Amino acid sequence: MIRPTFASTLPRSLARQSQVQTVARRYASHGPSYNPPSGYLFAERPTKGGKRVKESWENIYYIGMFGGMALAAVILTYKPDTSIQSWALKEAKARLDARGEEYEYKPKSA
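Quick note on the working numbering: the sequence shown kicks off at 17 and runs consecutively.
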């Protein structure tokens with residue numbers, strides 16, 4: 017009985033691998049997904065008059081987006097200070113005032 021050598025089985029195994037890979041490659045995609053550039057913004061060609069016609073949802077989007085950002089800026093600007101540090105400072109000043117002590121820091125050695 018003649019045993020096959022590694023060199024003689026190598027071409028068959030490579031052929032099987034390439035067949036599996038080509039089948040997988042062939043059925044893995046639905047064609048090229050590259051859209052060539054047209055030179056126009058959002059691939060919209062300008063009209064003959066040169067002015068772009070807005071769609072009905074665009075003004076609502078702009079008002080909602082930029083109005084929401086402006087509202088958030090106003091809310092964040094005027095929000096109350098709820099940090100624990102500011103509360104503790106007010107509480108410490110009130111307690112020191114009740115005792116009659118000063119709450120300004122003055123170093124002793126200077």
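The C-beta atom is built at its ideal place from N, Cα and C for all residues, glycine as well. It should be emphasised that the depicted structure is a prediction, and the values quoted were computed from it without experimental measurement.
For residue i, collect the residues of the same chain with a Cβ closer than 7 Å to its Cβ; drop the 5 residues on either side in sequence, then sort them by chain order.
i, result
"V39", "Reliability of the predicted coordinates at V39 is poor, the pLDDT of 49 falling under 50, and no value is obtained from them."
"I79", "none"
Could you work out which residue in the options is closest to residue i when comparing CA atoms only?
i, options, result
"W73", "G66, M81, K67", "M81"
"A104", "L92, Y119, I91", "Y119"
Looking only at its own chain, which residues have a Cβ that is under 8 Å from the Cβ of residue i, when we skip the five neighbours before and after it?
i, result
"K64", "none"
Grab me the residues of residue i's own chain with a C-beta within less than 6 Å of its C-beta, minus the 5 sequence neighbours each way, in chain order.
i, result
"V69", "none"
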